[in-house]
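To start, the structure under review is shown below, and the notes come after it.
Protein chains: 2
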Amino acid sequence: MSENLVISIDAMGGDNSPRVVIEGLAIAAQKNPDVKFLLFGDEGKVNEILKEFPQLQTVCEVRHATDVVSNDDKPSQVIRNRNTSMYMAIAAVKSGEAKAVVSAGNTGALMAISKLTLRTIQKIHRPAIVSMMPHRHGNYIMLDLGANTECDAINLAEFALMGNVVAKTALGIAKPRVALLNIGAEEMKGKEEIREAAQIIKNSRLDLDFIGYIEPHQIGEGVADVIVADGFTGNIALKTTEGTAKLFMRILKDLVKKSILAKIGVLFMLGVIFRVKKILDPRLYNGAMFVGLNGLSIKSHGGTDSVGYYVAVNNAIKMVRNDFVATIKSEIEKVDLEELSQEIIYDLY
Amino acid sequence: MSENLVISIDAMGGDNSPRVVIEGLAIAAQKNPDVKFLLFGDEGKVNEILKEFPQLQTVCEVRHATDVVSNDDKPSQVIRNRNTSMYMAIAAVKSGEAKAVVSAGNTGALMAISKLTLRTIQKIHRPAIVSMMPHRHGNYIMLDLGANTECDAINLAEFALMGNVVAKTALGIAKPRVALLNIGAEEMKGKEEIREAAQIIKNSRLDLDFIGYIEPHQIGEGVADVIVADGFTGNIALKTTEGTAKLFMRILKDLVKKSILAKIGVLFMLGVIFRVKKILDPRLYNGAMFVGLNGLSIKSHGGTDSVGYYVAVNNAIKMVRNDFVATIKSEIEKVDLEELSQEIIYDLY
Chain A
187 MSENLVISID AMGGDNSPRV VIEGLAIAAQ KNPDVKFLLF GDEGKVNEIL KEFPQLQTVC
247 EVRHATDVVS NDDKPSQVIR NRNTSMYMAI AAVKSGEAKA VVSAGNTGAL MAISKLTLRT
307 IQKIHRPAIV SMMPHRHGNY IMLDLGANTE CDAINLAEFA LMGNVVAKTA LGIAKPRVAL
367 LNIGAEEMKG KEEIREAAQI IKNSRLDLDF IGYIEPHQIG EGVADVIVAD GFTGNIALKT
427 TEGTAKLFMR ILKDLVKKSI LAKIGVLFML GVIFRVKKIL DPRLYNGAMF VGLNGLSIKS
487 HGGTDSVGYY VAVNNAIKMV RNDFVATIKS EIEKVDLEEL SQEIIYDLY
Chain B
187 MSENLVISID AMGGDNSPRV VIEGLAIAAQ KNPDVKFLLF GDEGKVNEIL KEFPQLQTVC
247 EVRHATDVVS NDDKPSQVIR NRNTSMYMAI AAVKSGEAKA VVSAGNTGAL MAISKLTLRT
307 IQKIHRPAIV SMMPHRHGNY IMLDLGANTE CDAINLAEFA LMGNVVAKTA LGIAKPRVAL
367 LNIGAEEMKG KEEIREAAQI IKNSRLDLDF IGYIEPHQIG EGVADVIVAD GFTGNIALKT
427 TEGTAKLFMR ILKDLVKKSI LAKIGVLFML GVIFRVKKIL DPRLYNGAMF VGLNGLSIKS
487 HGGTDSVGYY VAVNNAIKMV RNDFVATIKS EIEKVDLEEL SQEIIYDLY
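Taken in sequence, the protein lines are chains A and B. For our numbering, count along the first sequence from 1 and bump the result up by 186. For our numbering, count along the second sequence from 1 and bump the result up by 186.
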């Protein structure tokens with residue numbers, strides 16, 4: 187399988203595995219006939235479903251894994267068991283058999299095994315979780331979404347660098363506009379590490395279109411393609427967005443239920459409602475990427491369906507085709523962020 | 187004016203002052219005939235508009251201020267000029283002439299002068315900015331919304347204590363459910379200061395209904411009445427909510443514009459749209475309160491109208507009537523959060 191682009195699959199992760207996984211792969215295989223899949227999981231169960239998809243079967247190789255990582259397993263436990271479908275799927279990237287791994291399993295476990303097995307790229311201090319989200323005129327990417335609760339200025343500058351490559355690769359934007367998430371637009375606002383990161387990015391000779399700070403209420407306007415934050419802040423922003431959209435829909439639904447006129451109105455608006463749902467369809471944004479490792483690890487939502495799983499796999503394929511990991515490596519080679527950071531500290535005090 | 191409840195007003199703050207201010211006061215005076223207002227600003231301008239509201243005039247006293255704080259003024263400058271309408275309005279709370287001050291002017295300036303003049307309540311380390319917001323079944327309050335970028339565990343515990351009193355006073359909830367904003371529900375998730383704050387609150391003998399951590403996507407469900415965060419996180423959550431609601435409306439509007447059917451549907455849904463707008467009307471949530479000071483300082487949105495300004499003033503009146511500052515003082519007297527914090531550190535290591 188070595189001439190082809192190979193993606194490693196944890197066939198047992200997620201709520202309805204391996205069925206949803208295999209159905210998602212069937213779509214991915216149809217759209218990417220040159221890609222091969224290496225599936226890890228319960229051989230019997232996987233092969234039984236795979237039989238239903240003869241075309242997919244020709245591009246799949248199934249390897250038996252005796253164990254499965256459950257959602258309750260702690261990262262410290264799972265890193266010791268090399269017989270889980272998740273561990274084996276990640277190890278296939280480490281060994282070079284596959285270029286990326288996709289799993290719909292336990293997020294903490296996937297991060298822990300990915301970090302331990304694939305190791306962080308040299309000169310990158312911390313891997314980050316990246317995801318794509320919609321704004322008014324298209325999509326943007328945000329990182330970190332939760333891998334690193336606390337970050338220093340160098341971490342943030344590295345996220346900016348990696349995010350820039352993700353936006354080029356996954357969104358196809360030639361010159362992504364990169365911004366740091368902050369609570370004010372003025373230079374002296376917000377946290378010290380954010381202000382320092384802004385200085386490091388500006389002083390670096392990175393070929394970045396750095397547009398400065400962005401406040402959360404501006405994100406939807408589509409003024410930036412890459413939003414950089416520490417993992418705590420990114421996770422707060424992500425979940426607040428999710429919660430507000432849900433609250434909005436719920437208030438609307440609660441009110442429509444009580445009004446016959448509104449129910450008639452909804453009939454006329456079905457087209458618009460359909461399109462709004464399509465724009466905001468969480469399946470289209472499935473596949474959070476762990477970046478900064480020697481190999482790509484992608485987390486699919488555990489509760490997604492075959493379309494959502496396909497999107498995650500397709501992201502993996504797109505990133506590999508564009509040589510994502512190598513690009514990050516060559517970008518980080520160009521700069522010495524540590525040195526830049528020391529210069530800034532010298533400047534400030 | 188000493189027998190009556192007196193509210194001090196910075197008549198010159200905000201975009202359309204003093205007109206919007208006076209129109210807002212006219213509504214407030216009608217609903218609270220026993221309240222008196224002490225207005226600071228350009229005597230000529232203020233009196234000219236005040237003439238239009240003879241009933242309001244009987245409960246107002248106007249004092250001339252030669253200067254006005256502008257939106258570009260830095261806090262470090264404004265604290266030195268005692269002749270601004272803002273400074274004089276705050277000083278009236280300090281002197282005891284008024285129980286609370288309302289201003290629609292420069293937020294940073296209002297916070298700086300309020301802190302300097304009114305001083306933080308003894309045993310409270312940091313004042314916080316609180317505001318009310320809507321969830322599915324009613325309203326909740328969140329703090330801090332931006333006064334303190336970095337907070338330690340004791341600060342967060344104090345915010346919980348103060349937020350509890352605000353929810354009782356402003357929302358009229360007998361036993362508010364208090365939660366710490368975090369990125370996971372498990373005890374060990376999130377930042378150290380949040381975990382430590384949870385321990386302090388649990389161990390304190392405060393009469394708080396502390397429900398643990400809340401994740402941002404749960405806020406809209408109405409599971410908590412008080413959400414506690416550091417000022418950076420709170421501000422991020424607030425502005426993300428604002429931005430997502432706007433994005434949602436914009437996507438809907440953009441799509442409706444392109445469809446004749448949808449435009450017809452909107453006609454049928456006008457009732458629902460009207461009610462959604464009413465639920466989410468930002469004017470109803472106007473009036474961010476600076477709490478933790480010896481006296482209450484309330485910031486109205488600079489761009490609000492008379493109804494919004496009235497809401498801010500009404501909040502001030504409600505808080506004063508319920509003896510908000512004295513209640514916080516007596517609550518903080520009951521506990522020694524510092525001592526509790528030391529016990530916990532001892533426990534953990």
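Built from N, CA and C at the ideal position, the CB exists for glycine as well.
- With a cutoff of 8 Å on beta-carbon distance, D491 of chain A and R461 of chain A are scored as not near each other.
- V264 of chain B and I299 of chain B have their C-alpha atoms spaced approximately 8 Å apart.
- When the beta-carbon positions are compared, V288 of chain A and V279 of chain A stay at least 8 Å from each other.
- Along the segment 376 to 403 of chain B, going in chain order, the ones with a CB nearer than 7 Å to a CB of chain A are G376, K377, E401, P402 and H403.
- Around the C-beta of L456 of chain A, fewer than 16 other C-beta atoms lie within 10 Å, and the residue is accordingly described as exposed.
- Here the alpha carbons of K463 of chain A and F454 of chain A stand approximately 16 Å from one another.
- Proximity to Y471 of chain B across B:E229, B:Y496 and B:D509 peaks at B:Y496, based on C-alpha coordinates.
- Counting C-beta pairs closer than 8 Å gives three or more between the segment 378 to 392 of chain A and the segment 339 to 350 of chain A, which meets the contact rule.
- A474 of chain B and S486 of chain B have their C-alpha atoms some 7 Å from each other.
- Inclusion of A431 of chain B and L466 of chain B in the CB contact set at 8 Å is warranted, their separation being smaller than that value.
- DSSP, reduced to helix, strand and coil, places I369 of chain B outside both helices and strands of the structure shown, so it counts as coil.
- DSSP lists B:A365 as the beta-bridge partner residues of G398 of chain B.
- For N472 of chain A, there is no enclosing alpha helix (DSSP H), as DSSP marks it with neither H nor E.
- Using a CB distance cut-off of 8 Å, A431 of chain B counts as an interface residue toward chain A.
- Of the candidates A:V499, A:S483, A:M328 and A:I503, A:S483 places its Cα closest to the Cα of G294 of chain A.
- In the three-state scheme derived from DSSP, where H, G and I count as helix and E and B as strand, K354 of chain A is classed as helix.
- When C-beta atoms of the segment 201 to 208 of chain A are compared with those of the segment 231 to 246 of chain A, three or more pairs fall below 8 Å, so the two segments count as touching.
- Under the Cβ distance rule, H487 of chain B does not count among the residues neighbouring chain A, no pair being separated by less than 8 Å.
- At a cut-off of 8 Å, the C-beta of K425 of chain B has a neighbouring C-beta in chain A.
- The beta-carbon of T303 of chain B is placed no less than 8 Å from the nearest beta-carbon of chain A.
- Under DSSP, T306 of chain B forms a beta bridge with B:L479.
- Selection A:Y326, A:T426 and A:N421 evaluated against G408 of chain A yields A:Y326 as nearest (Cα-Cα).
- Taking the CA atoms as reference points, P204 of chain B sits about 6 Å from V232 of chain B.
- Within the model, the alpha-carbon separation for L438 of chain A versus R363 of chain B is close to 26 Å.
- Straight across, the Cα-Cα distance linking G291 of chain A with P261 of chain A is about 12 Å.
- By the neighbour-count definition (other C-beta atoms within 10 Å, threshold 16), G227 of chain B is a buried residue.
- Residue-level contact check: V462 of chain A touches chain B, since one or more beta carbons of chain B fall below 8 Å from its beta carbon.
- Spanning the alpha carbons of M319 of chain B and G349 of chain A requires a straight line of approximately 33 Å.
- Looking at the backbone, the Cα of Y273 of chain B and that of G481 of chain B are separated by about 14 Å.
- Closer than 9 Å at the C-beta level to chain A, one finds these residues of the segment 310 to 334 of chain B: P320, H321, R322 and G332.
- Taking 8 Å as the CB threshold, I276 of chain A stays off the interface with chain B.
- The alpha-carbon of M328 of chain A is positioned some 44 Å away from that of A214 of chain B.
- Counting along the chain, no beta strand (DSSP E) covers E283 of chain A, and no H or E run does either.
- One alpha carbon belongs to V192 of chain B, the other to L225 of chain B, and they sit about 10 Å apart.
- Sorting A:V458, A:L302, A:K354 and A:D395 by C-alpha distance to the C-alpha of R507 of chain A places A:K354 at the top.
- Scanning chain A for C-beta atoms nearer than 7 Å to the C-beta of S445 of chain B yields G457 and V458, reported in chain order.
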